[in-house]
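Okay, so the sequence shown: first residue is 22 according to the working numbering, each after it adds one.
A virtual CB, placed ideally from N, CA and C, is assigned to each residue, including glycine.
Being a predicted model, the structure only gives us computed values, none of them experimental.
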Amino acid sequence: MESKKSTPIETSSSLQISPKGQKKLTKQQVQFNNLIKKVARLETEIEKGIEKANANLIVYSKNISPLENEIALNKIQLATEIDAAFYKYKFPKKHNYDFELVITTLLDEAFEYTIPSKEQEALYDRWAKTPYREELNNCIEDEKEMTAEFLKNMFGIDIDLSKYDDSPESQAQLHLDLKELRDNMNQEKKHSFSSNSKKQQEKELAQKADEELKNRNIRSIYIILAKILYLDSETDEEQKFEKQELMKKVTVAYDQKDLPTLLKLELEWVHKTTEHLDSLTDDKLKTYISALKEQVKELEIEKANISYNPRFRPIIRFFDLEDNYFIKEIKRLKKDLKAQSEEFNMLVKSVRNAENKNQTLPVISQLAEFYEVNDLDSIFDDFDFDFYDPENLFFDDIFENKSSSNSKQNKGKKKK
22 MESKKSTPIE TSSSLQISPK GQKKLTKQQV QFNNLIKKVA RLETEIEKGI EKANANLIVY
82 SKNISPLENE IALNKIQLAT EIDAAFYKYK FPKKHNYDFE LVITTLLDEA FEYTIPSKEQ
142 EALYDRWAKT PYREELNNCI EDEKEMTAEF LKNMFGIDID LSKYDDSPES QAQLHLDLKE
202 LRDNMNQEKK HSFSSNSKKQ QEKELAQKAD EELKNRNIRS IYIILAKILY LDSETDEEQK
262 FEKQELMKKV TVAYDQKDLP TLLKLELEWV HKTTEHLDSL TDDKLKTYIS ALKEQVKELE
322 IEKANISYNP RFRPIIRFFD LEDNYFIKEI KRLKKDLKAQ SEEFNMLVKS VRNAENKNQT
382 LPVISQLAEF YEVNDLDSIF DDFDFDFYDP ENLFFDDIFE NKSSSNSKQN KGKKKK
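Below you can see the structure in the form of structure tokens.
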């Protein structure tokens, strides 16, 4: 399924209509100039927005991603140690729920940042009610259903997302299909709009006139450019080659009824050869203005959608921050994650080095209790890790709540 995208109209600052002497610009000429400036501004903002997002993503990937992966591996290691302890000490069945909750939650959180090995999947499947692969597929299907429902409720777009997967090719095809559905809906709205009211009839007639004007302009622009670019009249080989290449673009645009591209090519040629933008007729200006308005809409959508690019998903929560605040947040988050990584290491060592079930059970029970009501990060506000001592691994004060002024750390996704 193909989808054509018109080439944007050239919007350099040189493409401005200048007044002649004391003569003021017409309303349409002013509107043309303003739209040219707006398009140029939006293009610059999009370019800068993407540049900023890419720069922030590099900072995040360098400072935060390694720590997130490290913590994920620590969680997997902790789940593995807890699993081994369960079978080593043969805990009573009444503790099975706590072990299941802790192990599956640790692995759920870890698998958000790392792809599980077969052994890790097997560990998850041993404790979870639903096997990992089945749960993963269920999550994907649920997300597709929610997305499809959102598209239908918000935009009236009815599409079956089950035939698309996460591959780049499939996602690109989805983008094209959504665009075609949107274009078709817009076309249907135009054709279905009818009413007996005089005002609406006038609007229909105006739309019809605009469409006829567009078709006339497509043909007239093509004829004008074909005459200008007539190769037999050109003796300079360099100019002849340039005209030949331009004529190819003109022919493709004409065959596709691509008015914006034809307007772009004509406007560039007019500016290049005569620099008489001020001589454009009102009808021609009206056509340019219509095309520029469409371009503004597309650019505004593109700008708003930068943060929704899957590439920038890790930093979406930082998108509205100024550079200095972004750096502060990264430093704070890095510090928090380092502390969290160390704390997980302590938990791993405490479970691994425990000599009996009585040394292991308090850790499991406390983890399970907090997983029931809080996210894991809040555990570290209440756990007292001063107990850790390589010489003596039994700790009497594990349940002692210590006063902490540290703010609770923010987590990503939380197990439901």
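Presumed contact (8 Å Cβ cut-off) between residue i and residue j, rounded CB distance
i, j, result
"I92", "Q361", "6 Å"
"A169", "I180", "6 Å"
"K165", "S183", "6 Å"
"N95", "N366", "6 Å"
"L283", "I242", "5 Å"
Short Cβ contact (7 Å threshold) for residue i with residue j
i, j, result
"S328", "F340", "yes"
"A56", "L320", "The question names Ala, but residue 56 in the sequence shown is Leu. In this structure, L320 does not lie closer than 7 Å to L56 by Cβ."
"I336", "N84", "no"
"K285", "I239", "no"
"D163", "I385", "no"
"L99", "L342", "no"
"Y392", "T151", "no"
"F112", "K378", "yes"
"N133", "K324", "Looking at the sequence itself, residue 133 is Glu, so the reference to Asn does not match. No."
"A389", "L128", "no"
"Y153", "E142", "yes"
"A131", "I97", "yes"
"V271", "L306", "no"
"A74", "F333", "yes"
"W2", "I178", "The structure shown does not extend to residue 2, since the chain is modelled only from 22 through 437, so no value can be given for it."
Nearest neighbour of residue i, chosen from the options [CA to CA]
i, options, result
"A274", "E287, F262, E263", "E287"
"F107", "Y392, E263, T381, A389", "T381"
"D303", "S386, Q50, V271", "Q50"
"Q37", "K314, K58, D129", "K58"
"D186", "N205, N75, N158, G70", "N158"
"K359", "E155, E259, L88, T101", "L88"
"T308", "F333, F53, L78", "F53"
"E376", "R334, A105, G42, K261", "A105"
"A312", "S138, L280, K45, E263", "L280"
"L354", "T47, L199, Y81, K45", "Y81"
"N326", "A149, G42, I71, K109", "I71"
"I244", "S191, M268, S371", "M268"
"S86", "G42, V317, T135", "T135"
"H196", "G42, L46, N330, K349", "N330"
"P383", "F262, T256, Q260, H116", "H116"
"L78", "R338, N205, R373", "R338"
"K200", "E363, I322, N374", "I322"
"T101", "S371, Q387, V394", "S371"
Closer than 6 Å: residue i CB and nearest the ligand SAH heavy atom
i, result
"N159", "Annotation note on the ligand SAH: not contained in the displayed structure, which lists no ligands."
Length-filtered (4 minimum) alpha helix (DSSP H) runs lying within the segment 321–378: 344–373
Length at least 4, wholly inside the segment 22–100: the alpha helix (DSSP H) runs in chain order: 48–84
Alpha helix (DSSP H) runs wholly inside the segment 98–151, at least 4 long, in chain order: 117–131, 139–148
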